[in-house]
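Heads up: the sequence shown begins at 2 in my numbering, then just goes up one per residue.
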Amino acid sequence: MIKTLVTTLFVLILPLTSHALLELRAGYGVNTLDKTDYTTAQLTSMSGFNLDAIFEPPMLTDLGLGLRYESLGLDVKTGGVNVGSSDLKRLSALVNYRVIDLFAYLGFIGTFGLNSDLSTTIGGVKTSYDAKFNYSIGVEGGVNLGFLSVGAEVGKIFGKFTHTGVEDIKLDSIYAKVLVGFDI
Numbered sequence: 002m003i004k005t006l007v008t009t010l011f012v013l014i015l016p017l018t019s020h021a022l023l024e025l026r027a028g029y030g031v032n033t034l035d036k037t038d039y040t041t042a043q044l045t046s047m048s049g050f051n052l053d054a055i056f057e058p059p060m061l062t063d064l065g066l067g068l069r070y071e072s073l074g075l076d077v078k079t080g081g082v083n084v085g086s087s088d089l090k091r092l093s094a095l096v097n098y099r100v101i102d103l104f105a106y107l108g109f110i111g112t113f114g115l116n117s118d119l120s121t122t123i124g125g126v127k128t129s130y131d132a133k134f135n136y137s138i139g140v141e142g143g144v145n146l147g148f149l150s151v152g153a154e155v156g157k158i159f160g161k162f163t164h165t166g167v168e169d170i171k172l173d174s175i176y177a178k179v180l181v182g183f184d185i
């Protein structure tokens with residue numbers, strides 16, 4: 002009896018797609034930076050949160066279009082000693098395509114920076130950088146539990162930031178995020 006009930010529920014729930022008109026997600030992530038030199042200092046690791054708003058057009062069932070806001074902090078070290086910090090605030094356009102979009106989902110995700118602000122503070126001197134370009138590509142996966150989704154995203158972010166008279170900062174890193182979302 003219980004086996005039949007579980008099997009019936011599984012058959013009924015599994016084919017249900019997770020399509021919502023709007024998906025709101027929050028996440029926390031960690032980025033491991035390549036060995037990028039900034040004069041004599043080194044940018045070591047980034048971590049922070051993101052907020053996503055993804056619109057899923059009804060006629061394009063596996064495609065999502067939206068915006069992502071990220072706020073990331075990173076340490077600047079010289080010889081293993083923390084000498085400053087950097088902050089990256091990033092607003093980007095987001096596109097995702099889910100190859101599997103049932104009870105569980107799996108797909109691709111990409112972002113393109115619309116407005117990015119990178120600032121560093123070293124020895125009490127704050128420097129702001131302009132974004133030449135920045136984008137990310139990755140894969141996402143997770144499960145949908147009714148209106149709630151829990152998932153993860155892994156990918157690579159690329160970016161170049163400039164400031165007149167100062168060496169460019171190239172932020173290329175592999176990232177991983179844990180995401181919690183609500184479907185509306």
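Backbone N, C-alpha and C fix where the C-beta goes; we use that ideal spot for every residue, glycine too.
Beta carbon of L172 nearer than 8 Å to that of L34: Mapped onto the sequence shown, residue 172 falls at position 171. Mapped onto the sequence shown, residue 34 falls at position 33. Going by C-beta atoms, L172 is nearer than 8 Å to L34.
Which of helix, strand or coil DSSP assigns to T165: Here residue 165 is taken as the residue at index 164 of the sequence shown, counted from 1. In the three-state DSSP reduction, T165 falls in the coil class, being neither helix nor strand.
Residues sharing a beta bridge with T62, DSSP: By 1-based counting over the sequence shown, the position of residue 62 is 61. In the DSSP output, where bridge partners are listed per residue, T62 has none listed.
Y29, buried or exposed, once every other Cβ within 10 Å from all chains shown has been counted against 16: Along the sequence shown, one-based indexing puts residue 29 at 28. That one is exposed.
Residues of its chain near S72, where Cβ-Cβ distance is below 7 Å and the 5 sequence neighbours each way are ignored: The residue given as residue 72 occupies position 71 in the sequence shown. Excluding its 5 nearest sequence neighbours in each direction, S72 has C-beta neighbours in its own chain below 7 Å: G49, F50 and K90, listed in chain order.
Contacting residues, own chain, Cβ-Cβ under 7 Å from N97 (five flanking each side not counted): In the sequence shown, counting from the first residue as 1, residue 97 sits at position 96. Closer than 7 Å at the Cβ level, and outside the excluded window around N97, lie I55, G65, G108, F109, I110 and E141.
Inter-stretch contact (C-beta, 8 Å, three-pair minimum) for the segment 159 to 170 and the segment 129 to 139: They touch, by the three-pair rule.
7 Å Cβ shell around T128 - same chain, five flanking residues per side excluded: Taking the first residue of the sequence shown as 1, we reach residue 128 at position 127. Hits under 7 Å: S120, T121, H164 and V167.
Nearest neighbour of L68, chosen from V77, D131 and L115 [CA to CA]: Counted from its first residue, the sequence shown places residue 68 at position 67. Ranking the options by Cα distance to L68, first place goes to L115.
Reference D88, options L52, S117 and T5, closest by Cα: The residue labelled residue 88 in the question sits at position 87 within the sequence shown. Cα-wise, what sits closest to D88 is S117.
Buried versus exposed call for L17 [16 or more other C-beta atoms within 10 Å across all chains shown]: Taking the sequence shown and counting its residues from 1, the one referred to as residue 17 is at position 16. In this prediction, L17 scores a pLDDT of 49, lower than 50, which makes its location untrustworthy; the coordinate-derived value is nonetheless stated afterwards. Classification of L17: exposed, given that the 10 Å Cβ count is below 16.
Nearest residue (CA-CA) to D184, options M2, A27, D169 and V84: Stepping through the sequence shown from its first residue, residue 184 is reached at position 183. Closest by C-alpha distance to D184, out of M2, A27, D169 and V84, is A27.
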